[in-house]
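Written below as structure tokens is the structure these notes are about.
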């Protein structure tokens, strides 16, 4: 029977993921496709076949052209490709439509695929690249925290808004010129997810945050590696220089065009740079290990470049804290709560803030406990100014509160004089605070806005709930509701296909009718099983016409014309 029938049967055997992957790159549109026959016809169309042929390496393309012109058994490598890409039947015989498309190709260029020499990167440059990458990995924690409170919207044209770009850039080292590239890399490790064009924290964040620095790095590197397409992995593995030589290699390997690979290749090389896998385009030994899946070896090499965990930090009079090497996850979490991060890397710099102290106080820590914990980490005595700052905030903790009411924020202070000071403070004029009663100030702004303004103006304010309990030094921001993505056209098509398949058996009436209709058009010889009163019988037939649920055909055994009700035909196969 026709290639469409054979291919449609193979499509039915694919799982959803395989079908989704095949249709997403072979078909530019699935509009108008209703069943497996329609999908098979589309896959055997000129546009789809051109897309498929573009992805075949030059050596296999030349072999495919030879066997399309003069049929012969294909090599094991080509057979595997024909089977996986559904370009041939189950016995890897090339479909006629594929053979015709190959024979219609212009002369296939025979430019030799360049062999890339193995280039080396000096250990000093490797160490510097990894150090920069680790600084990026460390700063990603701040990015994730920012995205958690304020999801980042990806614009329709593919970029970020100027506001989001600026917000994320302020959290990242200067070598990250494109925050969106880091978001995309994080997505591959499950740290961030893009849902309805909104970037939100991913499923793997909690475990990732508890991992050591090298573990965080390898999670991102392995996510990058496993996301590579087979074609791109081969290209990266075959080249030491991921600049022009890589492009030249791809051009020679895929002579029918490599536009389908260009964007993935560009993004992969950009991500490799963020991970420190290459230096000025030259892949490092660590990079080669990651590409080939040697994650344990890569992690071991990176671990060797990271100093041991810092057991002490240096607390300065200007409220900065310097960690000479990475902190343990527990100490890192404490420092991130107490401070803002000023610089990230193997050595990091933090700054103690009132926001951070209030955050720990609101969690139940006393000022003395905060000073003690910081003192245990400090290499020298804590400067008196720092100790006094924390103690003073502890004494004033809870004296000013902010709550949310129906009409806006409510500010309360234990000391009426403090309340009058807040009302008269020019730095808070924009809040338009006014007297609610003798113990409160009110305004129409949200509690978040008022709390942040008070903290910036050096007032020790806390957020309280309706019962008056302190819940946080900062209000918990409710991220905007992110709705799941609407099913894509391809996903909807697969659901329809599965529904039609599950509605009946493999050879249900609709399926059989479609086969008979194709057989009439292609003048195929069939063997049909027909349900009779005395049992089931097989006929070898040549279909002549099919309409109104009845098949007019020539019985090839007796040369007698028959009319068979389609409802009585239980199976159809090629003679």
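Residue numbers (full-length UniProt numbering): 1 to 575.
Just so it is clear, CB atoms sit at the ideal spot from N, CA and C, and this is done for glycine as well.
For residue j and residue i, the rounded distance between their alpha carbons
{"i": "residue 140", "j": "residue 240", "result": "28 Å"}
{"i": "residue 507", "j": "residue 85", "result": "In this predicted model, residue 507 has a pLDDT of only 46, less than 50, meaning its place in the structure is not dependable enough to derive any value."}
{"i": "residue 259", "j": "residue 266", "result": "11 Å"}
{"i": "residue 52", "j": "residue 538", "result": "39 Å"}
{"i": "residue 343", "j": "residue 349", "result": "5 Å"}
{"i": "residue 304", "j": "residue 286", "result": "12 Å"}
{"i": "residue 418", "j": "residue 461", "result": "11 Å"}
{"i": "residue 505", "j": "residue 57", "result": "For residue 505, the pLDDT reaches just 45, beneath the cut-off of 50, and the residue's location in the model is therefore unreliable, leaving the point undetermined."}
{"i": "residue 317", "j": "residue 339", "result": "14 Å"}
{"i": "residue 105", "j": "residue 524", "result": "29 Å"}
{"i": "residue 163", "j": "residue 82", "result": "49 Å"}
{"i": "residue 360", "j": "residue 313", "result": "19 Å"}
{"i": "residue 112", "j": "residue 62", "result": "13 Å"}
{"i": "residue 420", "j": "residue 194", "result": "47 Å"}
{"i": "residue 262", "j": "residue 78", "result": "24 Å"}
{"i": "residue 235", "j": "residue 127", "result": "25 Å"}
{"i": "residue 520", "j": "residue 546", "result": "7 Å"}
{"i": "residue 94", "j": "residue 550", "result": "33 Å"}
{"i": "residue 331", "j": "residue 270", "result": "32 Å"}
{"i": "residue 406", "j": "residue 320", "result": "40 Å"}
{"i": "residue 223", "j": "residue 233", "result": "13 Å"}
{"i": "residue 334", "j": "residue 351", "result": "12 Å"}
{"i": "residue 190", "j": "residue 178", "result": "19 Å"}
Environment of residue i [buried if 16+ CB atoms lie within 10 Å]
{"i": "residue 188", "result": "buried"}
{"i": "residue 31", "result": "exposed"}
{"i": "residue 182", "result": "buried"}
{"i": "residue 225", "result": "buried"}
{"i": "residue 543", "result": "buried"}
{"i": "residue 254", "result": "buried"}
{"i": "residue 478", "result": "Residue placement at residue 478 is poorly supported in this model, since its pLDDT is 47, which falls under 50; the coordinates still yield a value, given next. So residue 478 counts as exposed."}
{"i": "residue 29", "result": "exposed"}
{"i": "residue 103", "result": "exposed"}
{"i": "residue 202", "result": "buried"}
{"i": "residue 557", "result": "exposed"}
{"i": "residue 466", "result": "exposed"}
{"i": "residue 385", "result": "exposed"}
{"i": "residue 159", "result": "exposed"}
{"i": "residue 36", "result": "buried"}
{"i": "residue 564", "result": "buried"}
{"i": "residue 231", "result": "buried"}
{"i": "residue 486", "result": "exposed"}
{"i": "residue 25", "result": "exposed"}
{"i": "residue 503", "result": "Confidence at residue 503 is low in this model, with a pLDDT of 46, below 50, so its placement is unreliable and no value can be given for it."}
{"i": "residue 97", "result": "buried"}
{"i": "residue 311", "result": "exposed"}
Residue of the options minimising C-alpha distance to residue i
{"i": "residue 604", "options": "10, 124, 54, 145", "result": "Shown here, the chain extends from 1 to 575; a query on residue 604 therefore has no answer."}
{"i": "residue 176", "options": "294, 136, 438, 532", "result": "136"}
{"i": "residue 650", "options": "307, 358, 364", "result": "The first residue shown for the chain is 1 and the last is 575, placing residue 650 beyond what the model contains."}
{"i": "residue 368", "options": "353, 394, 352", "result": "394"}
{"i": "residue 156", "options": "392, 198, 45", "result": "198"}
{"i": "residue 3", "options": "23, 20, 24, 39", "result": "39"}
{"i": "residue 491", "options": "23, 553, 372", "result": "23"}
{"i": "residue 431", "options": "415, 409, 438", "result": "409"}
Segment contact flag, the region 372-390 with the region 172-191, C-beta cutoff 8 Å, min 3 pairs: no
Entirely enclosed beta strand (DSSP E) segments - the region 15-73, minimum 3 residues: none
Let me know the alpha helix (DSSP H) ranges lying completely inside the region 165-249, each 4 residues or longer, listed in chain order. 179-188, 205-209, 213-226, 230-238
If you scan the region 264-324 from start to end, which runs of the beta strand (DSSP E) of 3 or more residues do you find wholly inside it? 320-323
Length-filtered (3 minimum) beta strand (DSSP E) runs lying within the UniProt domain "Helicase XPB/Ssl2 N-terminal" (313-435): 320-323, 339-343, 348-352, 400-404, 409-413
Counting Cβ pairs closer than 8 Å, one from the region 269-283 and one from the region 235-252, do we hit at least three? yes
Any contact of the region 567-574 with the region 508-518, i.e. 3+ C-beta pairs under 8 Å? Yes, the region 567-574 is in contact with the region 508-518.
Using 8 Å as the Cβ pair cut-off and three pairs as the minimum, do the region 445-456 and the region 391-406 touch? yes
Is the region 204-219 touching the region 284-303, taking contact as three or more C-beta pairs under 8 Å? yes
Note down, one range per segment and in chain order, each beta strand (DSSP E) of at least 3 residues found wholly within the region 499-547. 526-532, 535-547
Quick one: complete alpha helix (DSSP H) runs, 4+ long, within the region 69-114? 76-84, 96-103
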